[in-house]
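Here's the structure, in structure tokens; my notes come after.
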Amino acid sequence: MELTGKRVLIFVGEDYEDLELQYPKYRLREAGAEVVVAGLEAGVVHKGKHGYPQLSEAKLSDLSADDFDGLVVPGGWMPDKLRRYDEVVSITRAIHDQGKCLASICHGGWINISSDVVRGFKYTSTPGIKDDLINAGVAEWVDEEVVVDRHHVSSRRPDDCPAFCRAIIEVMG
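Here this note's numbering is used: the sequence shown runs in plain steps of one and ends on residue 167.
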């Protein structure tokens, strides 16, 4: 498998976009990666925007970027809530600083903005945060299903999940 021996962190919190978390979680596991879904607390079940439950398997403050090969940031309203926490910002920034795969979809780019890691990168996202990304210093925002710029992968919406996951696997492989 393409990602055997790799570890991927996925953020979870209330009002995550169901498909943008679940699709990458299962696709990356299928590719051989160990996937850890983590939130502000371990053992908490969060509901997605469409009601799908997801257990937070680990507490973010107990984790280190050194233990992961990549990070997936799903969208929904969750990123706006999580980006207010130091442990979210610090692990995102560390993943970026270490040149590891940083993948965000839809509103997930909000966490990257708050982590101050988007300057000079080409991105896509939901059009709803286009101005936020541009104002944070994105070199170019485009309306495409997936954008890969060095170790950053970005996509717009749930329908882009197949291309999003292919790109994550390529960057991490």
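Where is the CB? At the ideal position from N, CA and C, for every residue including glycine.
task: Write down every uninterrupted run of the alpha helix (DSSP H) in the stretch 81 to 118 whose length is 4 residues or greater and which is fully enclosed by it, in chain order.
output: 103 to 108
field: Residues near Ser55 in its chain [Cβ-Cβ closer than 6 Å; skip 5 each side]
entry: Glu81
- request: Between the Cα of Leu3 and those of Gly122, Val66, Asp125, spot the shortest distance and give me the residue it belongs to.
  value: Val66
query: Short check: CB of Gly70 to CB of His101, under 8 Å?
result: In this structure, Gly70 sits near His101, with a CB-CB distance shorter than 8 Å.
- request: Under 7 Å Cβ to Cβ from Glu51, same chain only, skipping five residues before and after it: list those, please.
  value: Val30, Val31, Ala32, Ala36
- prompt: Can you name, in chain order, every residue of its own chain whose Cβ lies under 6 Å from the Cβ of Asp9, other than the five neighbours on each side?
  reply: Lys43, Gly70, Trp71, Met72
- prompt: Three or more beta-carbon pairs under 8 Å between the stretch 10 to 27 and the stretch 78 to 93, yes or no?
  reply: no
query: Exposed or buried, which one is Val136 when buried takes at least 16 other CB atoms within 10 Å?
result: Residue burial annotation: Val136 is exposed, with fewer than 16 other C-beta atoms found within 10 angstroms of its C-beta.
query: For Tyr10, which three-state DSSP category applies?
result: In this structure, DSSP gives Tyr10 an extended state, which the three-state scheme calls strand.
task: Locate the alpha helix (DSSP H) running through Leu127, then write down its first and last residues.
output: According to the DSSP assignment, Leu127 belongs to the alpha helix (DSSP H) that extends over 124 to 129.
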